[in-house]
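K.L.:
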Amino acid sequence: MLKAHELVKLWEVAAGKQLWQKAILMLAAADPGEPMENLALLSIGHRNARLFRLRDGLFGTRMDANSCCPSCDEKVEFQLDTQVICNPELPSWDGGEATYYDDSSQVVFKPANSYALRDIAPVVEIEGPEVAGRELLFQCVLQYKKNGIMQPVEAIPEEFLDKVAEKIKDIDTHSEISCRLSCPECEHSWAESFDIANYLWHEIEIKAQIILTEVQVLARAFGWWEGDILSLSDIRRKYYLEGLDE
């Protein structure tokens, strides 16, 4: 579990970075002995699983979330359990190659990693998530053959590419996570995608800002240095703060 000064440092360093970078920095803060290169090369499913376990240690397994109904715009609040939506018993893809084929076509592919997310970031901004998702799939494909003859990746038929995408999701467990939601107002049901990197970063951002606010209050009240206050445990900071209200 990250200590107060480590969490604040993480927020300071990662603020303003792209989400794929924030995900790596969060994992690096939790495991400083592991090279950043190794973390960036983790498959997205493997990366997500580790982010869920980091979240368990920092904030527990229950997550409160909300969305808007796509039918009536009603706000929908829901709860998730990290142990349910990210089963720690399921294996993660080690990043090796895999093959999918039918009677005439064969595709060799690998899982997407954080570098792939980096490369499609401009596509998301310019073309939108749907086009970017297709570009990400093409980055995963290493080889495409039709009737035993090598073909350009871009020549893969849409229907076959969709099957490859499903195969990647099956192998790279937790690479894509979605929740089935139902609107209490109009009873519309839909699948909502869930991004653990974005969710956890938002929590860390809020927690870091709360800690720094506590530092300001205690520094003014007692004249303590920031480093001394950050070295205090959460429960001791809370005790001193509650004493100021008496």
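Take the sequence shown: its letter number 133 is residue 464 in our numbering, and every next letter is one higher. Glycine included, each C-beta is placed from N, C-alpha and C at the ideal position.
1) Any idea which residues DSSP pairs residue 393 with across the strands?
2) Out of curiosity, what's the CA-to-CA distance linking residue 476 and residue 416?
3) If you compare alpha carbons, which of 440, 453, 442, 434 is closest to residue 478?
4) Determine the extent of the alpha helix (DSSP H) in which residue 498 is found, giving its start and end residues.
5) Which term fits residue 474, buried or exposed, when burial requires 16 or more other beta carbons within 10 angstroms of its beta carbon?
6) Quick one: measure Cβ to Cβ for residue 548 and residue 563, integer angstroms, because I've assumed they're closer than 8 angstroms.
7) In the structure shown, what three-state DSSP assignment does residue 578 receive?
8) Determine the DSSP secondary structure at residue 349, reduced to helix, strand or coil.
9) Which whole-angstrom value is the C-beta distance of residue 534 and residue 383, which I expect to be below 8 angstroms?
10) First and last residue of the beta strand (DSSP E) that includes residue 472?
11) Along the alpha helix (DSSP H) that carries residue 445, what are the first and last residues, could you check?
12) Per DSSP, what kind of secondary structure is residue 481 in: helix, strand or coil?
13) Have a look at residue 480 and residue 437 and give me their C-alpha separation to the nearest angstrom.
14) In whole angstroms, give me the CA-to-CA distance for residue 364 and residue 378.
15) As a quick exercise: from 461, 515, 508, 483, pick the residue whose alpha carbon is nearest that of residue 493.
16) List the whole-angstrom C-beta distance separating residue 344 from residue 333, where the pair is believed to meet the contact cut-off of C-beta under 8 angstroms.
17) Between the C-alpha atoms of residue 585 and residue 396, what's the straight-line distance to the nearest angstrom?
P.N.:
Here's the rundown:
1) 412
2) 36 angstroms
3) 434
4) 489-502
5) exposed
6) Between residue 563 and residue 548 the Cβ distance is about 13 angstroms, and since that is not below 8 angstroms, they are no contact.
7) A question about residue 578 goes unanswered here, because the residues of the chain that appear run from 332 up to 577.
8) coil
9) About 12 angstroms; that fails the 8 angstroms criterion.
10) 472-477
11) 445-458
12) strand
13) 10 angstroms
14) 16 angstroms
15) 461
16) Not quite, the Cβ-Cβ distance comes to about 13 angstroms (not below 8 angstroms), so this is no contact.
17) Any question about residue 585 goes unanswered here, given that the chain covers just 332 to 577.
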